[in-house]
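Chains as they are written, first to last, in our numbering: chain H, 1 to 316; chain Y, 1001 to 1252; chain G, 2001 to 2404.
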Amino acid sequence: MSLVADLISILLNGLQQGAIYILLAVGLSIILGTLEFVNFAHGALYIIGAYVGLYVAQGLVVSEGYLAEAGFSDLGLGMGFIVGMIVVALVVFVLGLLFERFIARAFYDRPDTDQILVTFGLAIIVQEILRVSLGSTSQPVNQPTWASGSVPIPGVAISEWRIYIILITALLVGIVYALVEYTDFGLVVRAGTMDDEMVRLLGIKLSRPYIIVFGIGAALAGVAGLVAGPLSPINPTAGTDILVPAFVTVVIGGVGSIRGAVAAGTILGITQAALIQTQIGTYNLAPWSQVGIYAIAAIILLVRPEGLLGEEVDTA
Amino acid sequence: MSLLETEGLVKRFGGVTATDHVDVSIEPDERVSLIGPNGAGKSTFINLVTRRLDPTEGDIRFKGESIVQKEPHEVVQAGVSKSFQQASIFPDLSVLDNARIAALGADHGAFGFNFLKRLDSYPEIDRIARTTLQDVGLWGQRDTTASDLPYGDKRRLEIGIALAAEPDLLLMDEPTAGMSPEETKATVDLIEEVKQERSLTYLLVEHDMEIVFDISDRIIVLNRGSVIAEGTPEEIREDEDVQDAYLGGVEA
Amino acid sequence: MSEDHQLRSDGGTAPATGEDATSANGTEKATSRVPGLGGDEGRIIGLTALAVLLFPFLFAEAPVISDIIQGYAGLTTLILIWGIFAMGYDLLHGFTGLLSFGHAAFWGAGGIAAGLLVEYAGMNLPLVLVVVGTVVGVLLAWLIGFLSLRRGGIYFAILTLAFGQMIYFTIFGPLGPITGGEDGLLLTIGDLFGVIPLNAGVPVLTPLGFIPSWLYLIVGIFVVISVAVAYRVLNSPYGLIFKAIRENEQRAEFVGLNVWRYKLMAFILSGAFAGFAGALHTIYNGAASASAFYWIVSGDVVIMSILGGVGTLFGAFLGAGVYLYMSNILETFVGTLWHVMLGLLFVIVVWLFPGGIWGGIRALRDLLTDLIGGGGSEPEAATDGGEPGARAPADAGSDGGENR
């Protein structure tokens, strides 16, 4: 394969993988930046999105777990990915609203570490409920028929779906960014991030924008779960697998910065793709692909502890 | 040699100059007060001296040695101690433990490897803790959980913690803020008493003018980050610049 | 000593002001002793030894009790091993106030170091493995602590999480060929001192139902030693400084303490316990693998520590016991549902019962003491509830004093 084809491969794969990280990180980052809430259950939102989306878009194979024992066989609506994504976005958005209202809100005044603990506990509960209901085996997922071809670049063997993931991510993140930067809602959210007491004194009730921020963050995670489905395994532990890279992306991008999350996700995704495809002599670098992400993250943080586009912090 | 000296001290936060070329020197045994309208930069100055903040420009010297490269705990070890504006104590620990921690910081040096040695075998720690608590009148309450103390006692504990380090220079950031007149008087008496017993130098940041004029040998006045006047209480009382600065400002 | 003051070292059964109220994170108050038991080191060691002796009996053999519990002897060893891990973790989290989500790295490192020694160096003497595991735990904790402690609060948690995963993937991926990858290494652990098989019964004690095997005996002894060490650390200057850091880190710095170094020491100490326990785990399992490094394992020790009771030392063993009971014994009754139940229990404890099980036991004991007529309460200093305000910020300890 030619060098150019290789580079294009790495670029596209990297952007696609990065896109997933970005979808998760943008949500996490605005929740952390605006609500100052650390959500270790973000991966749970991702995996719920995956299962719900798969149910709507194609179908779930019911062969293990309680549902199987209860006599259910394969369930699904088979309505395709587009409907699936819309439904997931709505469903997980609502879940996010409920989560903020009934869980996050109870923990705003508690130490951050309590937030980590309770959301971690909830993530375990979600994961295990999925496992008990549907078993541990990964769900088979087919790429949408309208995107299952290969990218029309000679020498590059990449599924079209990856490109769609990149486009969908760009669209969604673009919408969220526009929302935050250019609307009144976004203005209140940004002001609230800087000085929530002042905003309240001005008579603006922050609970409504806050709950919506949570909903948006959750929806992004849910959609990520579905769109990643054809490429990454959908099983109960996929949520916990993805959580750490998501947080790493947030931190190296700079908490609260959407652009930072995009930059960070891109860097990490491309690093991962590059390592997967590269060989030094006969030594395959693929096993280092995950390690590489953390190594890059560590370097960035050592040089710039506040992240690429974050605000300066006092490290004393 | 001055005990504390600042030279051309500047601190900028983004567009705001909180400390503007401040030159101050404090001699041993002096009782100095730092006053100024709200926002004058008094707390910033204190935070620069304790190394909680890094200066943008300028030097700070304690006993002749520059301290701008030191960590906060090193400055304490050198002999500068601060009592915080809010009573910054260890809430869930007993009053005695609060004092012992302060004593550990002072007597123990900043770090040791003694994690297998019993605390009981450090009589110095208990002696310092006891002396400190007695000096601030809290020995009788040594087993009380610190967070259960009434506010005035918390402030005394706060001062006690700052004193345990046996500092040469004690910085006090509004020690009587929020106190009743009786408590204020008791605190002021305490400060004076402690000063006598320990031959301490202090730098007091205060809003209460009565106290300031009462217990200061010298007063430094800040406004908008720079020193606008310096002198004895009488001189300051008559100073026009000081009067201008306070007119329209919020005066305690 | 002033005479109107009753010393606490009378066994400490009488509650003093605020001693038993649990604060928002369930930390013990007003004393440098471990709550709930007297301040006497000898007593603590004695009680621990007794508990270790009786545990397998009650769990697996005793008539009635063990029938209800349905326990088996082998599980008791595993509970003690995780208990050591969790207790070391409590030193860091419960007493110093630092939430690490990456401690599986040290547990795993201790385990894999032991595994590699057996597999490649032919060294399979249990005591040697344990020493090596501890040393590896210390060194790795030093490195990771150095890098992670630059920031506090949630950033610290996330950094430890990230480093932990980095190490997991390194062990699993590039080092897979040496570490056995997904399956791990299957090992034959040597005999104790080269002569006593670990699975053999102990003369006199085993037939009586007290100590199921030499392995349990060794682990039991290690538990007593670990408890003694942890207890001693807490009663040393370090213990007080750790608590000061938890309570008000900024103030601790400003009384002259090099807070960063002490945090690092807390991290290293907890890493030592983790590596130690990790090696024991490899010995117990006769196997070592990369799975011990996965971040959920870090989460497991956090769960055990919190279930048992944060900042209580002994809670660690209770937490380990509950967790492993659910995953091994309850599991046979309810299948994978056990894990959902564990998650629920954990969330409930975090949300509503920060004192954990140990805290619950103490509350119960206090209730009983009050009902029976309140034993010699200490005269309390007059606190007529002045202003509750001006309390040092509750999370100044875990935040590293930074602004977000």
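Cβ atoms here follow ideal geometry from the backbone N, Cα and C, with glycine treated the same way. This one's a predicted model, so the numbers in the text were calculated from it and none came from an experiment.
For a contact meaning CB atoms closer than 9 Å, what does residue i contact in chain G?
i, result
"V118(H)", "F2346, V2347, V2350 and W2351"
"F102(H)", "What F102(H) touches in chain G: nothing, since even the nearest Cβ is about 11 Å away."
In terms of residue numbering, what span does the beta strand (DSSP E) encompassing residue i cover?
i, result
"M1172(Y)", "L1169 to D1173"
"G1058(Y)", "E1057 to F1062"
"S1226(Y)", "S1226 to G1231"
"T1201(Y)", "T1201 to V1205"
"N235(H)", "No beta strand (DSSP E) holds N235(H); DSSP gives it neither H nor E."
"S1081(Y)", "V1080 to S1083"
"N1223(Y)", "R1218 to N1223"
"I1258(Y)", "Lying outside 1001 to 1252, the shown extent of chain Y, residue 1258(Y) is not represented and no answer is given."
I think residue i touches residue j, with their Cβ atoms under 8 Å apart; what is that distance to the nearest whole Å?
i, j, result
"F2146(G)", "L2264(G)", "7 Å"
"L2313(G)", "A2244(G)", "18 Å between Cβ atoms; not a contact."
"M2304(G)", "W2082(G)", "6 Å"
"A2141(G)", "I2241(G)", "Contact doesn't hold; Cβ gap of about 18 Å is too wide."
"P2126(G)", "I2189(G)", "6 Å"
"G265(H)", "L309(H)", "With 8 Å as the limit, G265(H) and L309(H) do not qualify as a contact, their Cβ atoms being about 12 Å apart."
"A1164(Y)", "A1229(Y)", "Not confirmed; about 34 Å, so no contact."
"V2301(G)", "A2086(G)", "5 Å"
"G225(H)", "G49(H)", "3 Å"
"L32(H)", "V38(H)", "6 Å"
"G2110(G)", "A2287(G)", "So it is not a contact: roughly 14 Å between Cβ atoms."
With which residues is residue i paired in a DSSP beta bridge?
i, result
"K1011(Y)", "T1019(Y)"
"Q279(H)", "N284(H)"
"K1070(Y)", "Beta-bridge pairing links K1070(Y) to no other residue."
"L2192(G)", "I2196(G)"
"A2113(G)", "Answer is none; A2113(G) lacks a bridge partner."
"Q335(H)", "Since the displayed chain H opens at 1 and closes at 316, residue 335(H) lies outside it and no answer follows."
"E1065(Y)", "F1062(Y)"
"S150(H)", "S159(H)"
"E1005(Y)", "S1025(Y) and R1061(Y)"
"A297(H)", "Partner(s): none; A297(H) has no beta bridge."
"A2288(G)", "L2185(G)"
Run through chain G and tell me which residues come within less than 7 Å of residue i, C-beta to C-beta.
i, result
"G121(H)", "G2343, F2346, V2347 and V2350"
"R131(H)", "T2336"
Listing by chain order, which chain G residues have their CB less than 8 Å from the CB of residue i?
i, result
"A297(H)", "A2162"
"F1111(Y)", "L2257, N2258, R2261 and Y2262"
"F247(H)", "I2158, L2161 and A2162"
"Y1122(Y)", "P2237"
"L1119(Y)", "S2032, N2235, S2236, P2237, G2239 and L2240"
"T1184(Y)", "The contacting residues do not exist; T1184(Y) stays about 15 Å from chain G at best."
Taking the alpha helix (DSSP H) that residue i belongs to, which residues open and close that run?
i, result
"L90(H)", "G80 to F99"
"E1240(Y)", "E1240 to Y1246"
If the cut is a Cβ gap below 9 Å, which residues of chain Y does residue i touch?
i, result
"V2255(G)", "H1073, V1076, S1081, I1101, A1102, A1103, L1104, G1105, A1106, I1161, A1162, A1164 and A1165"
"M2265(G)", "F1111, F1113 and F1115"
"R2232(G)", "F1115, L1116, K1117 and R1118"
Which chain Y residues sit within Cβ distance under 7 Å of residue i?
i, result
"P2354(G)", "In chain order: nothing, as chain Y lies at least about 13 Å away."
Determine the chain H residues that contact residue i at a beta-carbon separation under 9 Å, and present them in chain order.
i, result
"M2166(G)", "Q290, V291, I293, Y294, A295, A297 and A298"
For residue i, go through chain H and note every residue whose CB falls closer than 8 Å to its CB, in chain order.
i, result
"T2096(G)", "Going along chain H, no residue has its Cβ under 8 Å from T2096(G), so there is no contact; the nearest lies around 12 Å."
Could you work out which residues of chain Y lie near residue i, taking near to mean beta carbons separated by less than 8 Å?
i, result
"R2251(G)", "F1084, S1088, I1089, F1090 and I1161"
"R2362(G)", "Within 8 Å Cβ-Cβ: nothing; R2362(G) doesn't reach chain Y, min ~15 Å."
For residue i, which residues in chain H fall below 7 Å Cβ to Cβ?
i, result
"I2306(G)", "L117"
Report yes or no: do the segment 1176-1194 of chain Y and the segment 1210-1224 of chain Y share at least 3 C-beta pairs separated by less than 8 Å?
yes
Below 8 Å, how does it come out for the segment 129-149 of chain H and the segment 246-264 of chain H: are there three or more Cβ pairs, yes or no?
no
Using 8 Å as the cut-off, can you tell me whether the segment 82-93 of chain H makes contact with the segment 38-58 of chain H, which would need three or more C-beta pairs spanning the two stretches below that distance?
yes
Indicate whether the contact test is met: 3 or more Cβ pairs, each with one atom in the segment 202-220 of chain H and one in the segment 91-100 of chain H, closer than 8 Å.
yes
Between the segment 1214-1222 of chain Y and the segment 1050-1064 of chain Y, do three or more beta carbon pairs fall short of 8 Å?
no
Pairing CB atoms from the segment 126-135 of chain H with CB atoms from the segment 63-79 of chain H, are three or more of them under 8 Å?
yes
With three or more C-beta pairs closer than 8 Å as the rule, is the segment 272-283 of chain H touching the segment 1002-1011 of chain Y?
no
State whether the segment 2182-2198 of chain G contacts the segment 2213-2221 of chain G, with contact taken as three or more CB pairs (one from each stretch) at a distance under 8 Å.
yes
Do the segment 2267-2286 of chain G and the segment 2128-2135 of chain G make contact, defined as three or more Cβ pairs closer than 8 Å?
yes
When the Cβ atoms of the segment 2168-2188 of chain G are set against those of the segment 2037-2052 of chain G, are three or more pairs found closer than 8 Å?
Result no; under three Cβ-Cβ pairs closer than 8 Å.
Does the segment 166-175 of chain H come into contact with the segment 17-30 of chain H, if we say contact requires no fewer than three beta-carbon pairs (one atom in each stretch) closer than 8 Å?
yes
Please determine if the segment 1076-1095 of chain Y and the segment 1147-1165 of chain Y are in contact, where contact requires at least 3 C-beta pairs separated by less than 8 Å.
yes
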